[in-house]
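**Q** The sequence shown lines up with residues 1 to 452 when you count with mature numbering (1 follows the signal peptide of the UniProt record, and there is no 0).
Glycine residues also receive a C-beta, built at the ideal position from the N, C-alpha and C atoms.
Note that this is a predicted model, so its numbers are computed, not measured.
I have a structure here, written as structure tokens, and I will follow up with some questions on it.
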Amino acid sequence: AAQTEKKLRGAVGRICVFSGNTGMEPKLYRPPAEVRGMSSLDRDAFTQTISVPAVRVPVRVLNKVVKSLKKSSIQRPGVPRVVQDTEENADYRLVLLDPHRVTSPTSFSEAEAEALRSFGVPEELHHYELKLTYENLKSEEVLEAVLPQGQDVTSGFSRVGHIAHMNLRDHQLQYKNLIGQVIMDKNPGVTCVVNKTNIIDSTYRNFQMEVLAGEENMVAKVKENGLTYKFDFSRVYWNPRLSTEHERVVQLTKWGDTVFDVFAGVGPFAIPAARRGANVLANDLNPESHRWLQHNCKLNKVEKKVRTFNLDGRAFIQGPLREELPALLKEKVRVHVVMNLPALALDFLDAFRGLLHQEPQCEENLPTVHCYGFSKDDDPDTDVVKRASQSLGFPLEKLCSVHFVRNVAPNKDMLCVMFTLPKEVLYRVAAFTTTGTRKTWKSQLDGSLSGP
Ligand SMILES: C[S@@+](CC[C@H](N)C(=O)[O-])C[C@H]1O[C@@H](n2cnc3c(N)ncnc32)[C@H](O)[C@@H]1O
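Printed below as a string of structure tokens:
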């Protein structure tokens with residue numbers, strides 16, 4: 001492009017004036033090619049000087065111009081939008097522009113051009129030589145520059161307190177420590193980066209993990225829906241993506257209700273339900289979860305509202321839940337049973353079959369069950385209802401609702417089936433001999449409905 005160039009050397013960078021097209025290419029934020037393949041992080045190697053367009057603005061109208069050029073000005077972490085002009089131009093500042101948006105004076109929108117004219121600022125572009133460092137780059141830009149070209153550079157992670165939790169792909173493992181360091185550098189408050197080293201532990205639902213960068217401290221403190229939870233992330237289950245689901249179910253509980261949380265983890269259903277005034281019995285098989293559950297009850301001042309258990313879910317249903325339920329039903333207390341172990345919870349529903357022997361049967365106020373399940377089926381709603389029905393030995397099809405929670409993997413959904421526990425499932429009925437003498441307790445279901 002035909003350009004009028006005037007070079008000026010200022011205190012902060014070299015400035016050139018271009019009235020025509022700058023010919024700048026939108027590759028300016030790309031770090032130097034030499035960083036490709038770097039295995040240990042050398043932050044200095046990312047330093048480079050790039051040319052960005054700028055407008056020269058008199059100090060007296062600077063604020064107004066900055067406001068008017070908001071959409072076109074440079075937006076980079078740690079890069080100022082306004083810099084000093086040359087010493088000879090002390091009454092002027094340079095407003096740095098985004099080289100991807102502004103390549104010539106004609107790049108300004110009508111409104112921007114009009115604003116510049118009204119403030120008496122020439123629509124003339126200057127080149128400003130800007131020193132870009134590692135600090136000014138985003139994590140994806142750093143990783144894209146380092147990792148082999150053409151490979152996916154997902155730098156996504158879940159945040160659990162001070163821990164960034166990644167799930168690196170095989171091709172990224174060679175760069176795992178560098179990736180960890182970059183994630184830590186670019187995310188204030190992250191002081192530890194971990195990678196899942198294998199699939200979820202099948203019993204306690206916690207992950208094996210490896211520290212990639214930062215401190216080896218796995219005890220995290222997190223806030224969820226206004227409450228605080230503390231736990232050893234390497235030894236218990238915690239998923240920051242479930243906060244909405246926790247909140248949704250907790251909102252269904254009221255003051256005076258009783259909640260049985262069969263797979264309670266460190267308390268994200270149990271504790272907020274107790275804070276709302278429910279009486280809670282919370283259980284988890286993992287001794288470590290149970291310990292942190294107790295700790296979190298104290299932390300959130302609900303230890304008097306929550307009784308904790310360290311039992312297998314089936315033993316909890318057939319033990320504490322069975323013992324408490326008759327009185328609750330008699331007193332017409334609303335009861336909720338929460339079962340969040342999506343890989344297995346539907347199978348645990350058979351523990352309710354013929355749970356109570358009580359007579360006369362109470363038909364009001366039967367417990368509301370919130371049972372979670374994963375499904376890979378084309379029709380996940382129908383699939384989880386079918387499995388719940390099989391486990392209960394009772395057709396739930398028209399008696400339940402299904403809530404989609406989230407997609408956990410391609411073709412794998414997490415759902416919640418909610419239903420009132422049918423009296424036909426809950427109660428055993430007395431079987432009478434022909435003489436009318438009660439001989440034995442027998443489930444109403446026996447012989448009449450198919451099991452799983
Ligand atoms: C998916 S986590 C859910 C925890 C918590 N409710 C939440 O929403 O974060 C399932 C929990 O069930 C516990 N668990 C696994 N098998 C169990 C069993 N057989 N009986 C009771 N708890 C079990 C695990 O230790 C884990 O804490």
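How about VAL121 and SER72: are their beta carbons less than 7 Å apart?
**A** Mapped onto the sequence shown, residue 121 falls at position 121. Mapped onto the sequence shown, residue 72 falls at position 72. Their beta carbons are not under 7 Å apart, which means VAL121 does not touch SER72 by this criterion.
**Q** Between THR253 and ALA278, is the Cβ-Cβ spacing less than 7 Å?
**A** The residue given as residue 253 occupies position 253 in the sequence shown. The residue given as residue 278 occupies position 278 in the sequence shown. The answer is yes: Cβ separation under 7 Å.
**Q** In whole angstroms, what is the alpha-carbon distance linking TYR29 and PRO105?
**A** Along the sequence shown, read from residue 1 onward, the residue named residue 29 stands at position 29. Along the sequence shown, read from residue 1 onward, the residue named residue 105 stands at position 105. The straight-line gap from Cα to Cα measures roughly 21 Å.
**Q** One question on the structure: do ASN365 and LYS332 come within less than 7 Å of each other, judged by their Cβ atoms?
**A** In the sequence shown, the residue the question calls residue 365 occupies position 365. In the sequence shown, the residue the question calls residue 332 occupies position 332. It is a contact, given that the beta carbons lie within the stated cut-off.
**Q** Just curious, the beta strand (DSSP E) that PRO58 is in, first and last residue?
**A** Looking up residue 58 in the sequence shown gives position 58. Counting along the chain, the beta strand (DSSP E) containing PRO58 begins and ends at 48–58.
**Q** Between which residues of its own chain and GLN75 is the CB-CB distance below 8 Å, once the five residues before and five after are set aside?
**A** Taking the first residue of the sequence shown as 1, we reach residue 75 at position 75. So the list reads ARG81 and ASP98, once near-sequence residues are dropped.
**Q** Reducing DSSP to helix, strand and coil, say where ARG334 ends up.
**A** Against the sequence shown, residue 334 aligns to sequence position 334. Note: ARG334 maps to coil in three-state DSSP.
**Q** Using 8 Å as the threshold, is the stretch 229–239 in touch with the stretch 311–322, meaning 3 or more CB pairs across them?
**A** no
**Q** On the three-pair Cβ rule with 8 Å, is the stretch 419–428 touching the stretch 339–354?
**A** yes
**Q** By Cβ distance, which residues of its chain are closer than 6 Å to ASN167, with the 5 residues on each side in sequence left out?
**A** Position 167 of the sequence shown, counted from the start, is the residue given in the question as residue 167. Non-local C-beta neighbours of ASN167 in its own chain, meaning closer than 6 Å and more than five positions away in sequence, comprise LYS196, ordered along the chain.
**Q** Can you name the start and end residues of the beta strand (DSSP E) that LEU281 belongs to?
**A** Locating residue 281 in the sequence shown gives position 281, where the first residue counts as 1. Here the beta strand (DSSP E) through LEU281 covers 279–283.
**Q** Would you kindly check if the distance between the Cβ of ASN296 and the Cβ of TYR204 is under 7 Å?
**A** Residue 204 sits at position 204 when you count from the first residue of the sequence shown. Residue 296 sits at position 296 when you count from the first residue of the sequence shown. For TYR204 and ASN296, no; Cβs fall outside 7 Å.
**Q** Out of curiosity, what's the CA-to-CA distance linking LYS70 and VAL95?
**A** For the purposes of this step, residue 70 is taken as the residue at position 70 of the sequence shown. For the purposes of this step, residue 95 is taken as the residue at position 95 of the sequence shown. For LYS70 and VAL95, the distance between alpha carbons rounds to 10 Å.
**Q** Any idea which residues DSSP pairs ALA164 with across the strands?
**A** For the purposes of this step, residue 164 is taken as residue 164 along the sequence shown, with counting starting at 1. Paired residues: ARG159 and VAL193.
**Q** Rounding to the nearest angstrom, what Cα-Cα distance links THR420 and VAL369 in this structure?
**A** As a position in the sequence shown, residue 420 is number 420, starting the count at 1. As a position in the sequence shown, residue 369 is number 369, starting the count at 1. The straight-line gap from Cα to Cα measures roughly 6 Å.
**Q** With C-beta atoms as the reference, is LYS221 less than 7 Å away from GLY267?
**A** Here residue 221 refers to the residue found at position 221 when the sequence shown is read from its first residue. Here residue 267 refers to the residue found at position 267 when the sequence shown is read from its first residue. No, they are not a contact pair.
**Q** Roughly how many angstroms lie between the CA atoms of GLY150 and VAL55, to the nearest whole one?
**A** As a working note, residue 150 is residue 150 in the sequence shown. As a working note, residue 55 is residue 55 in the sequence shown. One C-alpha to the other measures close to 36 Å.
**Q** Are SER51 and GLU141 touching if we call contact CB-CB under 7 Å?
**A** To locate residue 51, count along the sequence shown from 1; it is residue 51. To locate residue 141, count along the sequence shown from 1; it is residue 141. No; because the gap between Cβ atoms is not below 7 Å, this pair is not in contact.
**Q** Shortest alpha-carbon distance to HIS127 belongs to which of PHE309, SER139, THR86 and LEU147?
**A** Against the sequence shown, residue 127 aligns to sequence position 127. Closest option to HIS127, Cα to Cα, is THR86.
**Q** So what's THR106 in DSSP terms, helix, strand or just coil?
**A** Looking up residue 106 in the sequence shown gives position 106. In the displayed model, THR106 falls within a helix according to three-state DSSP.
**Q** Please work out which residues of its chain come closer than 6 Å, Cβ to Cβ, to GLN181, disregarding the five sequence neighbours upstream and downstream, and give them in chain order.
**A** By 1-based counting over the sequence shown, the position of residue 181 is 181. Hits under 6 Å: LEU41 and ALA213.
**Q** Less than 6 Å between the CB of ASN286 and some heavy atom of ligand 2, yes or no?
**A** Although ligand 2 was asked about, the structure shown includes only ligand 1 as ligands.
**Q** Select from ILE271, LEU293 and ALA282 the residue whose C-alpha is nearest the C-alpha of ASP232.
**A** On the sequence shown, position 232 is the one that residue 232 refers to. For the residues ILE271, LEU293 and ALA282, the minimum Cα distance to ASP232 belongs to LEU293.
**Q** Is there at least one non-hydrogen atom of ligand 1 closer than 6 Å to the beta-carbon of PRO188?
**A** Within the sequence shown, numbered from 1, the residue matching residue 188 stands at position 188. No, ligand 1 has no heavy atom inside 6 Å of this Cβ.
**Q** Is SER389 near ligand 1, with its Cβ less than 6 Å from a heavy atom?
**A** Translated into the one-based positions of the sequence shown, residue 389 becomes position 389. Checking the Cβ of SER389 against ligand 1 gives no.
**Q** To which residues of the same chain is PRO342 closer than 6 Å at the C-beta, ignoring the five residues directly before and after it?
**A** In the sequence shown, the residue the question calls residue 342 occupies position 342. The answer, listed in chain order, is TYR372, GLY373, PHE374 and MET414.
**Q** Which residue from ALA90, LYS138 and SER68 puts its Cα closest to that of SER109?
**A** Within the sequence shown, the letter at position 109 stands for residue 109. Of ALA90, LYS138 and SER68, the residue nearest in Cα terms is SER68.
**Q** Could you tell me whether the Cβ atoms of LYS376 and LYS412 are closer together than 7 Å?
**A** As a first step, residue 376 must be located in the sequence shown, where it is residue number 376. As a first step, residue 412 must be located in the sequence shown, where it is residue number 412. The answer is yes: Cβ separation under 7 Å.
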